[in-house]
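Protein chains in written order, with the working numbering: chain A, 61 to 412; chain B, 61 to 412; chain H, 61 to 412; chain U, 61 to 412.
Positions of the beta carbon are idealized from the N, C-alpha and C atoms, including for glycine.
There are 4 protein chains.
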Amino acid sequence: MAKNVFVNDYSELVHPDMLAAFAAAGTGAKGNYGLDGHSARAASLIREKIGRDDASIHFAAGGTQANMLVLSHALRPYEAVIACESGHIATHETGAIEATGHKVCVARGEDGKLTASAIAEAAQYHSDEHMVKPRLVYISDSTEYGTAYTKAELTRIREACDEYGLYLYVDGARLGCAMNAKGRDLTYGDLGRLADAFYIGGTKNGALFGEAIVLLSGELKANFRHQIKHRGAMLAKGAAIGVQFEALFEGGLYDRLASRSNEMAYKLAGGIESMGYGFRYKVETNQIFPLLPKTIASALSAEYGFHIWEEIGGYSAVRLVASWATTDDMVDGFLSDLNGAAKGIRRSSGDR
Amino acid sequence: MAKNVFVNDYSELVHPDMLAAFAAAGTGAKGNYGLDGHSARAASLIREKIGRDDASIHFAAGGTQANMLVLSHALRPYEAVIACESGHIATHETGAIEATGHKVCVARGEDGKLTASAIAEAAQYHSDEHMVKPRLVYISDSTEYGTAYTKAELTRIREACDEYGLYLYVDGARLGCAMNAKGRDLTYGDLGRLADAFYIGGTKNGALFGEAIVLLSGELKANFRHQIKHRGAMLAKGAAIGVQFEALFEGGLYDRLASRSNEMAYKLAGGIESMGYGFRYKVETNQIFPLLPKTIASALSAEYGFHIWEEIGGYSAVRLVASWATTDDMVDGFLSDLNGAAKGIRRSSGDR
Amino acid sequence: MAKNVFVNDYSELVHPDMLAAFAAAGTGAKGNYGLDGHSARAASLIREKIGRDDASIHFAAGGTQANMLVLSHALRPYEAVIACESGHIATHETGAIEATGHKVCVARGEDGKLTASAIAEAAQYHSDEHMVKPRLVYISDSTEYGTAYTKAELTRIREACDEYGLYLYVDGARLGCAMNAKGRDLTYGDLGRLADAFYIGGTKNGALFGEAIVLLSGELKANFRHQIKHRGAMLAKGAAIGVQFEALFEGGLYDRLASRSNEMAYKLAGGIESMGYGFRYKVETNQIFPLLPKTIASALSAEYGFHIWEEIGGYSAVRLVASWATTDDMVDGFLSDLNGAAKGIRRSSGDR
Amino acid sequence: MAKNVFVNDYSELVHPDMLAAFAAAGTGAKGNYGLDGHSARAASLIREKIGRDDASIHFAAGGTQANMLVLSHALRPYEAVIACESGHIATHETGAIEATGHKVCVARGEDGKLTASAIAEAAQYHSDEHMVKPRLVYISDSTEYGTAYTKAELTRIREACDEYGLYLYVDGARLGCAMNAKGRDLTYGDLGRLADAFYIGGTKNGALFGEAIVLLSGELKANFRHQIKHRGAMLAKGAAIGVQFEALFEGGLYDRLASRSNEMAYKLAGGIESMGYGFRYKVETNQIFPLLPKTIASALSAEYGFHIWEEIGGYSAVRLVASWATTDDMVDGFLSDLNGAAKGIRRSSGDR
């Protein structure tokens, strides 16, 4: 049995409901290039969800593409983005933002979250025409470290953005998990109220592919379809994504899948914690980072294929990711293997 | 019954075999970012089809994206593309090639085809550093006008490319229809031998979305995955496209669907011709351009939604496109409506 | 004696008054990056000249750079420029506009001038998001063919721009010659009133190097210094250009030099005309295009190095350019050589 | 008397020898666009100076432009630059490198110098296609902190570049000062042997404007004139820069001016040191960074306009820059004012 079950949350190809939706969309002509009924219905459901009748909704094939589309649409040539070092656009998108001519200014983050004070500092530092002009703040929710912003944190970030004339953009590759994080007080409505733009990730929450871009600030809405085509991102069959978001948002599937991902991660974390291990970052969503003894981490990594994130003293922080397709058996199996590995190591130590 | 059946060949969402393939790909972890078994198998089938073991195959979400990826990969900053005026990149991709910094130099085309002599002329014209340096020839096969290149034509183009140090790239959005065009003597193997790169269109031939990029020239192969990510085009679930191309090329489905598209177009053209109408361009693939009297074209366009392409004297050239989903009934229905419209007009003329 | 005196108007390194101005600027610290007193004084003189107190003035090292700076500042990513085929940016700037991501849409010109109707046609053609969005009209005054716009022509272009929401930008590499063209009714004040931006060419009218960019439309003024630096165009010693424009505009030198260039061209044209030759374009400024018998053109070109522009029947249109440094002797010498060549040819014909 | 004499080394407009050279270049037609005899002679002198007959030499108007031209010429779209945080391109060029689509990866520097180990670390970190591919190392010599690389340091950097397949590029805005730094063992010949490309700064060492780009690696030489024009950097009167570099390198003026700058800085530093103050960075070239008590630094800055660089404890590191135009009187005046300020402060402290 394949054990690479916690490597990430995009290995399961597609949730069956998407296939049913494709089949139901069936035969007969559809409007093209995203101007079809399914995309319109999906957009309507999203507008309702975030409480913004005026939101402009578009669909993109992937997350890097969504980020690139919005950021290069929002910025004038000499303007730049503020992101924290762990921000996906800062290091893991092969310069896709720079490809559109814009610098990503790195600011301090705390547990993967950008702070209002780091934003203020970056804005103040770029004081004249010999430096780029920061114009947009990029954050991810949930973050690369599995943490999620609180309402208070996002509100303070919004205030900093207002003070320095910055757009606030949220990379929601794992927005469902953030929105359904335990103890979370930030709602879809808050996001609709506080952000200028964000995207809702489909790829990592049940879809075959596709993300929903939500534009809230008036000036960002103009000519976005031109921008999509200009960047090579317009699909002839836009309905292929619209159909999926319709299925995800029609009856609450999106939140159910994300909650399931989180629950499985919490169960996994609980089991690990009960064996006495700590965590590199707070367990809040479907990505958890337990600190395991190096030898155990190494042995399990060989078997499970998960990522060794960081070495701290004699411990390895490893990244384990649960998804909607994670089963109780997978969790139990991992915990059992971890327990076995721990005992084996203790035993082999005892043998000395 | 919806009558917009000949508007284009991408209104039918997806061929059922793709859905079956998605379902069969099923559960269990897959390699990501296009490094999965399905993508590898699809690539292998394509290499076999074109007789090039050394071809490097990658998948993209759409055709504009495929063009943008390859062209901006092949060119140094000051280098440019030669395309004919009707070339898709020249006018209908919202400047996606220019977005990557490159000029598209327009050359004369004949019936949508670029000629070797036009290439030579363009290459010679750009003689010094005050002008861009042409480096790549872009053609579409089949063309925007439904025509297809012969082996002799493509061979002469290749020779012109060799003479002037130009890459030859083929936009194959409708490659299946070109390869299965009536009287066609150009084979997949010829293409594999003559082109430096091309893409095989999936979107317009059964797939939900996706195109297969084929890189043949050695220097184009290096670091193409970096390029894909850099341009925001890498899908986390690359298998979503790989699975489809596997299904399309495993048992000959790709050619069967394209042949069906062509056959339905030929049948439609035959019926129109038998009513005494001519054609703007030669009928070779699934796009046909009959010349109908303006009043008839206008009346049918209102009902069928097809595109009035050009006005020539008292006639309108209209574009009718057949697809794998086109049925005999649709063709018969259209011919009947055309016949009725023609009679009605003749009758109303006779009434005077 | 070097005879390549009519090849162009930028072969004379620098007018002596510039050197005097450099020397007078002398020792002692200056403000940097264009924020010096000389640049401020030059800007003030230009504002006065065009009757626009609100104009924002910046300096660039060359004309291609000035065009690139303004155009990429004015346009959003998917927006494009309309220019006539002979427009400098369309063919002779090695894709410098495309380098910033923007397409140049070519429109019909008449004698090198873009017309209001061609602008309207281009604007209407680009009707949806599958094509770029024209946003700026680029014209040159004087044009590449030595012609100059009349007040009526420029007014109609302005009206077309207003109708289609387009900026009007004038490439003034040879603005002095245009402004001082014989029969010209368009003034600096008209230009200040009708254009959204333009540049005043220094390089081709006495300066060692440098052009003055004039921004008139409010939205173009914001953050232009950021843009200059972002495009690598900010000089540490901006005063080097400011000093020259101060010298050119302080006492009318700019117009005197341009008038001199025109006068010498008119004298040359008069002499050529009196020998019975015609002209490819109307003689209006310092660039003239006489139609000479091919053999004569060829013989003189070998000696003088001027450019054979076009072959028309048995005639060659050649480009002759006068400058502020052109002397009566140079004109007389050329006319004498032309006369000699003509006689030689007639004689050799007569010998048969 | 203006006291802003140590603010920078580009406030003096131009060395008189440049004006003499402009005048001497005189009348008569010159080849254009940098293809003139003066530019050719200057290139020849530079090739001789660095001992590389095969070097390809071009001229640019400014340093940011030179950096942008070479870097965007050397890199494929997804490739990136490694620079230290204090590198000019990293923060003080308003994203001019990013404007061409490339990321600048920041690495650790020591006293403004990049180290071989930091290069290795950056190269190793960027391990796959989800990150940019470092391809060029950017260093400045002298650095932003006035330090200069030793032969051993540059050799180790070259070795690191070879190991990781990286180009080595040197920003020589102040190359003269680096080459004539006290105790310096790195020669022009070493630079010609170790670097793949660099530029020799004219603006900060006597010229009115202009830098000389030196291309050494074969693959960087191809089509560079296309690149210059493509980026808007080709001057019609290229001779304007060629004439100056001819004057600078014909008789050793370039080194004499740089040595003078350094000598004046050393004298200034010696005086400051003798008053008991230390320095933030080692005094090696014409930029020095004394650590002065905050109140003194503040008072003198108000009078002299120099830059407060950094606050360290009760001290301010201030940047003082000497140039070829710095006189002994200026140095003595500053030292006298510093002495006065120090006494005043001690006195006022004593009064308590």
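Give me the Cα-Cα distance between B/E72 and B/A385, rounded to the nearest whole angstrom. Position 12 of the second sequence holds residue 72 of chain B. Position 325 of the second sequence holds residue 385 of chain B. About 7 Å.
Can you name, in chain order, every residue of its own chain whose Cβ lies under 7 Å from the Cβ of H/Y248, other than the five neighbours on each side? For the purposes of this step, residue 248 of chain H is taken as the residue at position 188 of the third sequence. So the list reads K109, I110, M239, once near-sequence residues are dropped.
Count the other CB atoms within 10 Å of the CB of H/I372; is the residue buried (16 or more) or exposed (fewer)? Your numbering for residue 372 of chain H matches position 312 in the third sequence. Exposed is the call here.
Looking at H/T203 and the ligand GDP, is the gap between the Cβ and the nearest heavy atom below 8 Å? Of the ligands one can find in the structure shown there are none, so the ligand GDP has no counterpart to examine.
First and last residue of the alpha helix (DSSP H) that includes A/S71? The residue given as residue 71 of chain A occupies position 11 in the first sequence. Neither: A/S71 is in no alpha helix (DSSP H) and is coded neither H nor E.
State yes or no: is the C-beta of H/L317 within less than 9 Å of the C-beta of H/D114? Numbered from 1 along the third sequence, position 257 holds the residue referred to as residue 317 of chain H. Numbered from 1 along the third sequence, position 54 holds the residue referred to as residue 114 of chain H. It is not a contact, given that the beta carbons lie outside the stated cut-off.
Here's the rule I'm using: 16 or more other beta-carbon atoms within 10 Å means buried, otherwise exposed. How should B/R412 be labelled? Start at 1 with the first residue of the second sequence, and residue 412 of chain B comes out as number 352. Confidence is the limiting factor: at B/R412 the pLDDT is only 47, short of 50, which leaves the residue's position unreliable, though a coordinate-based value still follows. The residue in question, B/R412, is exposed, as its Cβ has fewer than 16 Cβ neighbours within 10 Å.
Please name the residues in the region 310-326 of chain A whose beta-carbon is closer than 7 Å to at least one beta-carbon of chain H, in chain order. none
DSSP three-state label for A/H162, please. For the purposes of this step, residue 162 of chain A is identified with residue 102 of the first sequence, where counting begins at 1. Looking at A/H162 - three-state DSSP - the assignment turns out to be coil, as it is neither helix nor strand.
For B/I332, three-class secondary structure by DSSP: Taking the second sequence and counting its residues from 1, the one referred to as residue 332 of chain B is at position 272. B/I332 falls in the helix class under three-state DSSP.
Using 10 angstroms around the beta-carbon of H/D389, count the other beta-carbons present and answer buried if the total reaches 16, otherwise exposed. Residue 389 of chain H sits at position 329 when you count from the first residue of the third sequence. That one is exposed.
Using three-state DSSP, classify U/I56 as helix, strand or coil. Nothing can be reported for residue 56 of chain U, as the shown portion of chain U is limited to 61 through 412.
Quick one: Cα of A/T203 to Cα of B/A84, how far? To locate residue 203 of chain A, count along the first sequence from 1; it is residue 143. To locate residue 84 of chain B, count along the second sequence from 1; it is residue 24. Rounded to the nearest angstrom, the two C-alpha atoms are 33 Å apart.
In whole angstroms, what separates the C-alpha of U/V378 from that of U/N64? Walking along the fourth sequence from the start, residue 378 of chain U turns up at place 318. Walking along the fourth sequence from the start, residue 64 of chain U turns up at place 4. Rounded to whole angstroms, U/V378 to U/N64 spans 13 Å at the Cα level.
Give a yes or no on contact between the region 155-162 of chain B and the region 292-307 of chain U, applying the rule of three or more CB pairs nearer than 8 Å. no
Is DSSP giving H/F305 helix, strand or coil here? Numbered from its first residue, the third sequence carries residue 305 of chain H at position 245. Of the three classes helix, strand and coil, the one that applies to H/F305 here is helix, per DSSP.
Buried or exposed (CB count within 10 angstroms, at least 16 for buried), B/Q184: For the purposes of this step, residue 184 of chain B is taken as residue 124 along the second sequence, with counting starting at 1. Exposed, because fewer than 16 other Cβ atoms sit within 10 Å of the Cβ of B/Q184.
If I follow the unbroken alpha helix (DSSP H) through A/G261, where does it start and stop? Position 201 of the first sequence, counted from the start, is the residue given in the question as residue 261 of chain A. It is not in any alpha helix (DSSP H) - A/G261 instead sits in the beta strand (DSSP E) that spans 257-261.
Which residues bound the alpha helix (DSSP H) around U/Y168? Here residue 168 of chain U corresponds to residue number 108 of the fourth sequence, with the count starting at 1. Looking at the sequence provided, one finds Arg at residue 168 of chain U rather than Tyr. Segment: none, U/R168 is in no alpha helix (DSSP H) and carries neither H nor E.
What are the partner residues of A/S193, as DSSP defines its beta bridges? Taking the first sequence and counting its residues from 1, the one referred to as residue 193 of chain A is at position 133. A small fix is needed here, since residue 193 of chain A is Lys in this sequence, not Ser. Its beta-bridge partners are A/E139.
Taking just the CA atoms, how far does U/G236 sit from A/Y198? Counting from one through the first sequence, the residue named residue 198 of chain A turns up at place 138. Counting from one through the fourth sequence, the residue named residue 236 of chain U turns up at place 176. C-alpha separation (whole angstroms): 42 Å.
So, using beta-carbon positions, are H/R195 and H/L129 closer together than 9 Å? For the purposes of this step, residue 195 of chain H is taken as residue 135 along the third sequence, with counting starting at 1. For the purposes of this step, residue 129 of chain H is taken as residue 69 along the third sequence, with counting starting at 1. No, the Cβ-Cβ distance between H/R195 and H/L129 is not below 9 Å.
Taking a contact to mean a Cβ-Cβ separation below 9 Å, would you say B/G266 touches B/S200 in this structure? Within the second sequence, the letter at position 206 stands for residue 266 of chain B. Within the second sequence, the letter at position 140 stands for residue 200 of chain B. Going by C-beta atoms, B/G266 is not nearer than 9 Å to B/S200.
If you follow the alpha helix (DSSP H) that U/G252 is in, where does it begin and where does it stop? Along the fourth sequence, read from residue 1 onward, the residue named residue 252 of chain U stands at position 192. 248-254 is the extent of the alpha helix (DSSP H) around U/G252.
Please report the residue range of the alpha helix (DSSP H) in which B/L214 lies. The count along the second sequence starts at 1 and reaches residue 214 of chain B at position 154. Run containing B/L214: 211-224, per the alpha helix (DSSP H) assignment.
What is the rounded straight-line gap between the Cα of U/G270 and the Cα of H/G94? Start at 1 with the first residue of the fourth sequence, and residue 270 of chain U comes out as number 210. Start at 1 with the first residue of the third sequence, and residue 94 of chain H comes out as number 34. Going from the Cα of U/G270 to the Cα of H/G94 covers about 16 Å.
Inter-stretch contact at 8 Å, needing at least 3 Cβ pairs: the region 352-369 of chain H / the region 218-232 of chain H: no
Are at least three pairs of beta-carbons, each pair with one atom in the region 173-184 of chain A and one in the region 170-179 of chain U, less than 8 Å apart? no
Can you tell me which of H/V391, H/E333, H/E344, H/N283 puts its alpha carbon nearest to the alpha carbon of A/V192? Working through the first sequence from its first residue, we reach residue 192 of chain A at position 132. The shortest Cα separation from A/V192 among H/V391, H/E333, H/E344, H/N283 belongs to H/N283.
Option in B/S383, B/A359, B/D256 with minimal Cα separation from B/G400: As a first step, residue 400 of chain B must be located in the second sequence, where it is residue number 340. Checked all of B/S383, B/A359, B/D256; the closest Cα to B/G400 is B/A359.
Cβ shell of H/Y315 (< 8 Å), same chain only, five flanking positions each side left out: Here residue 315 of chain H refers to the residue found at position 255 when the third sequence is read from its first residue. Residue 315 of chain H is actually Asp in this sequence, not Tyr. So the qualifying residues of the chain are G236, M239, N240.
Should A/A300 be flagged as near chain B, meaning a C-beta pair shorter than 9 Å? Locating residue 300 of chain A in the first sequence gives position 240, where the first residue counts as 1. So yes, A/A300 belongs to the interface.
What are the boundary residues of the alpha helix (DSSP H) that includes B/S358? In the second sequence, residue 358 of chain B corresponds to position 298, counting from 1. Element bounds for B/S358: 354-364.
Taking the beta strand (DSSP E) that B/F349 falls in, what are its first and last residues? As a working note, residue 349 of chain B is residue 289 in the second sequence. Careful: B/F349 lies outside any beta strand (DSSP E) and carries neither H nor E.
Check whether chain A comes within 9 Å of H/E189, counting only Cβ atoms and requiring the distance to be less than that. Your numbering for residue 189 of chain H matches position 129 in the third sequence. Judged by the 9 Å Cβ criterion, H/E189 is in contact with chain A.
Any C-beta of chain A under 9 Å from that of U/V164: Against the fourth sequence, residue 164 of chain U aligns to sequence position 104. Closer than 9 Å to some Cβ of chain A, the Cβ of U/V164 qualifies, so yes.
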